[in-house]
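So for the sequence shown, the working numbering puts the first residue at 21; every next one is plus one. Where is the CB? At the ideal position from N, CA and C, for every residue including glycine.
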Amino acid sequence: MCAWDEIFGKIRYSIPEELERGAFVGNIAEDLGLSIGEMRLRKFRLVSDDAIELLKVNMGNGILLVNERIDREILCGPSLTCSIYQDVAVENPLEMHRVDVEILDVNDNSPSFTKTSYSLQVSELTAEGALFPLESAHDPDVGTNTVSTYQISTNKHFGLKTHTRSDGSKIAELVLENPLDREKESTFHLTLTAIDGGIAHRSGNARIVITVIDGNDNAPVFNHNIYRVNIMENTPKGNRVITINATDLDEGTNGQVRYFLTSHVSKRVQELFRLEPETGQVRVEGSLDYEEKNTYEFEVQAVDNGTPTLASRALICVELLDVNDNAPELKITSVSSQIREDVAFGSVVVIISVFDRDSGENGHVQCQAPPNIPFKLLKSANNKYELVISNTLDRETTPLYNICISACDAVSILSTNRTILISISDINDNAPQFTQSSYNVFLMENNSPGASIFTVTALDPDLDKNSQVQYFLLENDTEAISGSGDLTVNSESGYIYALRSFDYEARKNIHIIIQAQDAGTPTLSSTVIVNIITLDQNDNAPTIISPSKYNSSTALGVVPFSAHPGYLVSKVIARDADSGQNARVSYQLIESTDRNMFSVGLTSGEIRTTRKFRDQDILTRRLVILVKDNGEPSLSSTVTILVSVPSNVAENLPERKNTPRSSELFSDMNVLLIICLGSTSCLFLLIIIFLIALKCKQNRNIYGYTSEVCCFRWGNSTDALNGRSVPKATLNYTNTTKTLPIRESYNFNVCLSPESSQSDFLFLKPCNPTLPPDGINVLQREII
C-alpha cells in the first residue's frame with residue numbers, strides 16, 4: 021500500500037489564470053525524480069480525456085507548460101476552487117501519477133448589473149428604516165476578487181445596507197433614513213456602485229430612479245425567511261417541491277399578494293423550478309441531477325397589488341438526495357495493445373480507472389474480467405485495477421483477445437462494459453513441420469535432367485520471419501542409397517530437381533534428407549526422408565544368351581536325319597534387363613525354309629522337329645527366331661540358326677575338325693562371370709578346378725549358367741551300324757556311363773541342375789536328358 025501511495029500520489033501546482041501560452045507551471049520531471057533520458061525511455065506522457073489540452077510537457081527539459089489560455093471563469097464558473105487534473109503515465113515499470121494544477125483567480129472582471137437602470141416606487145408612508153432590496157451585481161471572479169461592497173450616491177433620505185449571504189455573496193438594500201414627502205420631492209436619481217475586493221479595485225454602476233407615491237404602506241411578510249426542503253434527484257417533472265406563503269396587513273387590492281422569482285435568479289434555476297404566482301407552489305420544471313449540483317438556493321418575492329406595490333423576499337434552499345442513476349464509468353489509462361507470447365506471469369497489461377458519479381453506497385463499484393482467459397484483474401489503490409498475465413500465452417492458439425471488462429455498482433443494478441483488444445506478438449517457438457512424416461516418390465527412369473520430380477512442403481505456424489521456411493538437401497552418410505549428388509532442392513519453393521537421368525537397372529531406390537529451416541532467431545528446423553523409387557521403363561531389348569552365334573548373326577545346329585518328331589534341335593535363351601512385364605519374353609518363329617518342319621515354344625524357346633526328315637528334304641535349313649518382351653512398346657531381338665541335317669555323319673567328320681572354333685564360344689563375359697563366382701564361393705571354385713584337372717575340358721556359358729564339362733573315355737568297339745571297328749568314346753554322366761561309336765566329334769552342352777542347390781550335388785548334367793536312338797544327345801553347338 022505504501023508503494024501504491026507513492027505511485028499514485030499527487031503533485032500539486034498553483035498558477036494564476038490568463039497566463040500566456042508556454043508559461044512555466046512546474047518542473048514535473050524533477051518532482052517525479054525522472055531524468056530527461058528516462059522520460060523518453062519510459063514513454064512519459066500526459067493522459068487526459070479533454071479534447072483541449074490545457075497543459076503540455078516539454079520533453080527536452082521536463083517542464084510543465086501552459087498549452088492554451090486558461091480562463092478560470094469558463095473552466096470552473098462560480099466555484100471557489102478550480103483545478104486541472106492530469107494523469108501522468110510512465111512505463112517500464114508502469115506508473116501513474118496525478119498532477120493537480122490549481123487555477124488561481126485574477127481580478128480580470130468588473131462587477132456588472134443585469135440592467136443599467138432600475139425603477140423603484142416608494143410610498144411616502146414608508147417608515148424610517150424601511151429596506152428596499154436592490155439588484156445584486158454579478159462578478160464572475162471569486163474570493164476577494166468578487167463584489168465586496170456597494171456604495172450609493174449622496175442624498176438626504178436614502179442610505180445603503182449590505183448583507184452577506186451564506187454562500188459569501190453580497191447583497192445591498194436601500195434604507196430609508198428620513199421620511200419622504202412627495203410634495204417636496206417626488207423623484208430621486210441615485211447611482212448604485214458595486215466594488216470588488218481585488219487589487220486594483222474594479223467597479224460597476226447602475227442607475228436607480230425612485231418615485232415617491234402615496235398609499236400602500238405595508239409590504240407582504242413571509243412566514244419564514246428561509247425555506248428548506250429535501251427532494252430526490254429523480255423527482256418527476258411537475259411534482260410540488262414546497263409551498264411558500266406571505267401575508268399583507270393592508271386591505272383590498274393592497275393586501276393581495278403574488279409570488280415571483282427575483283430577477284437575479286439564474287437561468288438554470290428557472291429551467292429546473294417553476295413558481296406559481298397565485299398559489300406560491302414551487303414545482304419541478306426540468307431534470308434534476310445530483311451529480312451536477314446537489315443544492316440550489318434562490319430568492320422569491322411576494323408583491324402586493326397596492327399602489328405603489330410593496331414586496332418582500334425569502335430564500336428557498338432545495339437539497340437533492342442521491343439515487344443510483346449513474347452507471348459506473350471505466351477509463352483505460354494505460355494499455356499495452358500488443359504483448360509477446362513469452363511475457364512473464366504477473367506482467368501488467370492494462371491499468372483501469374473505475375468511478376461512479378453517484379455517492380455513498382451507490383458509488384461503490386466492483387470490476388470483473390471474464391473467466392477462462394490467461395489474464396486476471398487485480399485491485400490496486402484509488403479505485404484502480406490492473407489486468408495482469410496469469411497463464412501461458414500461445415499466439416498460434418489464440419492470436420487475439422477481446423476482453424470484456426464489466427463494472428457494476430454495489431447494488432448490482434447498473435453496470436458498464438468495456439472491451440479491451442489485446443494482440444499477441446509472435447516469437448519463434450515452432451519448428452517447421454513437413455506435411456508428411458516421410459515421402460515416397462515414384463520416378464520413371466530415363467527422366468529429363470533438370471526437371472522437377474516432386475515438391476516437399478513444410479508449414480510453420482509462426483508469423484513473418486519466424487514462418488519463412490527454406491529447404492536444404494543434407495548429405496547422407498550412406499553413399500549406396502544417397503542421391504545428394506544427383507538431386508537438388510529449391511530453397512524457397514521446396515521443388516526437388518533431378519540433375520541427371522536415372523536408370524532403373526543401375527539404381528532402384530534413392531534416399532535423400534531434406535531439412536526445413538525457418539528464418540527466426542534462433543532458427544528452428546526439422547528433417548524428412550524422401551524415398552525416390554525408380555520405376556522400370558521398357559528400354560532394354562531382350563539379349564540372346566543361347567545359342568552362341570557362329571558369326572555376328574548366325575548360330576549353328578545339327579540334327580540327325582533320323583530325328584523323330586519332337587526332337588529338341590536347340591533352345592533359345594534370352595534375358596531382358598528390365599523387370600516385371602517388361603522382362604517377360606516370348607519366342608516366335610518368323611522365318612524358316614520349311615515352316616512345317618520346326619516349331620518354337622512360345623515361352624520356353626525350345627526348337628523342336630514336328631515330323632521326320634524325308635529324302636527330298638533340304639539338308640540345311642535356316643531358322644529366324646524372334647524374341648520380344650511384353651513391354652509397351654514391345655522391344656525385340658532376332659537370332660538366325662542354320663540347322664544342318666547330315667546324311668552321313670562319319671564322312672563329314674574330317675571336314676568339321678578343320679573348321680576353326682568360334683571365338684564367341686569363349687567371351688570376356690564368361691571370364692568375368694567365372695571370377696565373380698570364384699570370389700563369392702572359394703569352395704565351389706576349388707571343386708570345379710579339381711574336377712577340371714581330373715576329368716575333362718570345359719565349355720562355359722554366360723548369364724548365370726555353370727560350366728559345361730564333357731569327359732570322354734576312349735576305347736574300341738564295333739560300329740553298330742556297319743559292323744566295322746571304330747574308336748569308341750565313353751560319355752560319363754554322374755551315375756551312368758555309355759560307350760558310343762565315335763563317328764564324329766560333338767560338343768555336349770552339360771549344365772548344373774537347378775535342383776543341385778536344393779537337394780543333390782549333380783555338377784555335370786546334360787541340358788536335355790533326351791538321348792537320340794544311337795545314345796548321343798546332339799545339343800546346341802557343333803564341335804569342330
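Between the alpha carbons of Val162 and Leu84 lies a gap of roughly 26 Å. As computed with DSSP, Tyr587 is found in no beta bridge at all. Exclusion of the five residues before and after Pro585 leaves Thr629, Thr630, Arg631 and Lys632 as the residues of its chain whose Cβ lies within less than 7 Å of its Cβ. For Asp614, the number of other beta carbons within 10 angstroms of its own is below 16, and it is reported as exposed.
The beta carbon of Pro240 is closer than 8 Å to those of Ala266, Thr267, Asp268, Val277, Ala322, Val323, Asp324, Leu330, Ala331 and Ser332 in its chain, skipping five residues each way along the sequence.
Shortest Cα-Cα distance from Tyr170 to any of Ile352, Ser143 and Phe133 involves Phe133. In the structure shown, Cys96 adopts helical secondary structure according to DSSP, grouped into three states. When C-alpha distances from Ile447 are compared across Asp429, Asn486, Ser457 and Ile530, the shortest belongs to Asn486. Residues Gly577, Val579, Phe618, Ile627, Arg628, Thr629 and Val663 of the same chain have their beta carbon placed closer than 7 Å to that of Val589, with the five preceding and five following residues left out of the count.
For Ile123, the number of other beta carbons within 10 angstroms of its own is at least 16, and it is reported as buried. Residue pairing from DSSP places Met116 in a beta bridge opposite Ala109. Between Pro348 and Val385, the CB-CB gap stays under 8 Å. For Leu335, the uninterrupted beta strand (DSSP E) segment begins and ends at Ala331 to Leu341. With a 10 Å radius around the Cβ and a threshold of 16 neighbouring Cβ atoms, Ile709 comes out exposed. By the Cβ rule, the region 217-234 does not count as touching the region 255-264, because fewer than three pairs are nearer than 8 Å.
Taking Lys76 as the centre and dropping the five residues before and after it, the same chain places the C-beta of Leu85 and Asn87 closer than 6 Å to its C-beta, in chain order. Setting aside the 5 residues that flank it on each side, Ser99 is surrounded in the same chain by Val162, each with a C-beta closer than 8 Å to its C-beta; the list follows chain order. Beta-bridge partners assigned by DSSP to Arg248: Cys337.
When the Cα atoms are used, Gly80 and Asp376 turn out to be separated by approximately 37 Å. Remark: C-beta atoms of Leu413 and Ile553 do not approach each other more closely than 8 Å. Pro452 places its beta carbon 8 Å or farther from that of Val509.
DSSP lists Ala214 as the bridge partner or partners of Tyr170.
The alpha carbon of Ile610 has as its nearest neighbour, out of Gln601, Ser657 and Thr640, the alpha carbon of Ser657.
DSSP, read as helix, strand or coil, puts Thr164 in helix. Taking the C-beta atoms as reference points, Val121 is found no nearer than 8 Å to Val108. Secondary structure within the region 270-303: the beta strand (DSSP E) runs of 3 or more consecutive residues, fully enclosed, are 277-281 and 293-295 (chain order). The beta carbon of Asp125 sits closer than 7 Å to those of Glu37, Arg92, Asp161, Val162, Gly163 and Asn165, all from its chain and outside the five residues before and after it, given in chain order.
Excluding the 5 residues flanking it on each side, Arg32 has same chain C-beta neighbours closer than 6 Å at Asp120, in chain order. Contact annotation, Ile442 with Ile423: C-beta distance approximately 6 Å; criterion of less than 8 Å satisfied. Annotation for Glu193: the continuous beta strand (DSSP E) segment containing it runs Lys190 to Leu196. Glu381 carries a helical assignment under DSSP once its states are collapsed to helix, strand and coil. The shortest C-alpha to C-alpha distance from Val369 to any of Ile191, Pro113, Leu66 and Cys696 is the one to Pro113. Excluding the 5 residues flanking it on each side, Thr475 has same chain C-beta neighbours closer than 6 Å at Gly514 and Tyr515, in chain order. In the DSSP assignment, Asp324 falls within the beta strand (DSSP E) that extends over Thr315 to Asp324.
In this structure, the beta-carbon distance from Ala536 to Ala575 does not fall below 8 Å. In the DSSP annotation of this structure, the continuous segment of the beta strand (DSSP E) that includes Met464 starts and ends at Ser458 to Met464.
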